[in-house]
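What follows is a single structure, written as structure tokens, with notes after it.
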Amino acid sequence: MLELKSADVFYGKAQALHGVSMGCAPNEVLALVGRNGAGKSTALRALMGQIPLRQGKRQLEGTDITGLSLSDSSRRGIALVPDSRDIVSGLSAEENLLLATLSHPPGHWTIERVYELFPRLRERRQAQGTSLSGGEQQMLAIGRALLTNPRYLLLDEPTEGLAPVIIEQIVAAIEFVSRAGVSVLLVEQNFRVPKRVAQRFCLLDSGRVVWSGDREEIDDRLEMMLSGLQEGAQV
Ligand SMILES: Nc1ncnc2c1ncn2[C@@H]1O[C@H](COP(=O)(O)OP(=O)(O)OP(=O)(O)O)[C@@H](O)[C@H]1O
Ligand SMILES: [Mg+2]
């Protein structure tokens, strides 16, 4: 399990997370949902070790990893795909993937397996980062994260701004990766994609966990509220 326990996170004087306790269990897809500015990306950064906790703890399989560096967190099996995707624009798609293999020992995920997951990337392997479409960049960002052979894959709004046909490919990839034994923490502002792939849900609002539970616990009222998130509905 990868988890935050009573985590407080600040940007300067502004508090972004207030006593957040949440965690992703082995072999599950957990959706972290909430409207704009709720603290979803901050929670992912905190789980990755990209941003320090002012209070509280970060734990991996019950071990305290609060102070573990970003690179050590990555070596311990945590990978984050940021919403910015961060493709190296001067390198080809394949060079971007090669870069990820350099810093990690070989494991289950190889460039070939990434191409099997996203055949479009094989076709575009020689294309420069700058010429890739949004969907191709997202596939590349996920592929690059998989090459670190994570046990926990943290995805920040992977379907944002993508065409429905590409969203289907990303959803299929999340399902495949999950079946391959990787735990996925999926951040989305809307509820449409998480509703299809997640077994458990955690709703953040104003930096606080306001609801968490299993798919079966989502009643009609909550479903309406979650479905309204992308329209900026109040929680
Ligand atoms: N780098 C930063 N510096 C200062 N404040 C920040 C920074 N990043 C986020 N914040 C603030 O922290 C709070 C939580 O932001 P965060 O980006 O985690 O929300 P989010 O749920 O991911 O929102 P979105 O749906 O827009 O991606 C917001 O009030 C935001 O303005
Ligand atoms: Mg965000």
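Each residue of the sequence shown is one higher than the one before, starting from 454 at the first, in this note's numbering.
Heads up, the beta-carbon is just placed ideally off N, CA and C, and yes, glycines get one too.
Note that this is a predicted model, so its numbers are computed, not measured.
Distance from the CA atom of residue 475 to the CA atom of residue 496, rounded to whole angstroms, is 9 Å. Set against 8 Å, the gap from the CB of residue 536 to the closest heavy atom of ligand 2 is smaller. A check of alpha carbon separations from residue 499 across 484, 682, 515, 463 identifies 463 as the nearest.
Between residue 596 and residue 541, the beta carbon gap of about 13 Å keeps them out of contact (Cβ cut-off 8 Å). The beta carbons of residue 651 and residue 482 sit closer together than 9 Å. Every residue whose beta carbon comes nearer than 6 Å to a heavy atom of ligand 1 appears here in chain order: 464, 467, 469, 487, 489, 490, 491, 492, 493, 494, 495, 642. Between the alpha carbons of residue 589 and residue 613 lies a gap of roughly 13 Å. With contacts defined by Cβ atoms closer than 9 Å, residue 553 and residue 600 form a contacting pair. Comparing C-alpha distances from residue 514 to each of 457, 644, 568, 550 shows the shortest one belongs to 457.
DSSP, reduced to helix, strand and coil, places residue 553 within a helical segment of the structure shown. By DSSP's assignment, residue 470 forms a beta bridge with 462.
In terms of CA proximity to residue 524, 501 leads the group 511, 543, 454, 501.
In the DSSP annotation of this structure, the continuous segment of the alpha helix (DSSP H) that includes residue 528 starts and ends at 523 to 528. In this chain, residue 665 is not harboured by any alpha helix (DSSP H); it is covered by the beta strand (DSSP E) spanning 661 to 667. Residue 563 and residue 551 have their C-alpha atoms some 10 Å from each other. Sorting 620, 664, 668, 587 by C-alpha distance to the C-alpha of residue 537 places 587 at the top.
Straight across, the Cα-Cα distance linking residue 626 with residue 467 is about 36 Å. Straight across, the Cα-Cα distance linking residue 507 with residue 531 is about 21 Å. Only exposed fits residue 572, as fewer than 16 other CB atoms lie within 10 angstroms of its CB.
Within the same chain, Cβ atoms closer than 8 Å to the Cβ of residue 655 are found at 475, 483, 484, 485, 486, 662, 664, 665, the five residues on either side in sequence being excluded. For residue 483, the uninterrupted beta strand (DSSP E) run begins and ends at 482 to 486, by DSSP. Assignment of residue 548 by DSSP, reduced to helix, strand and coil, places it in the helix class.
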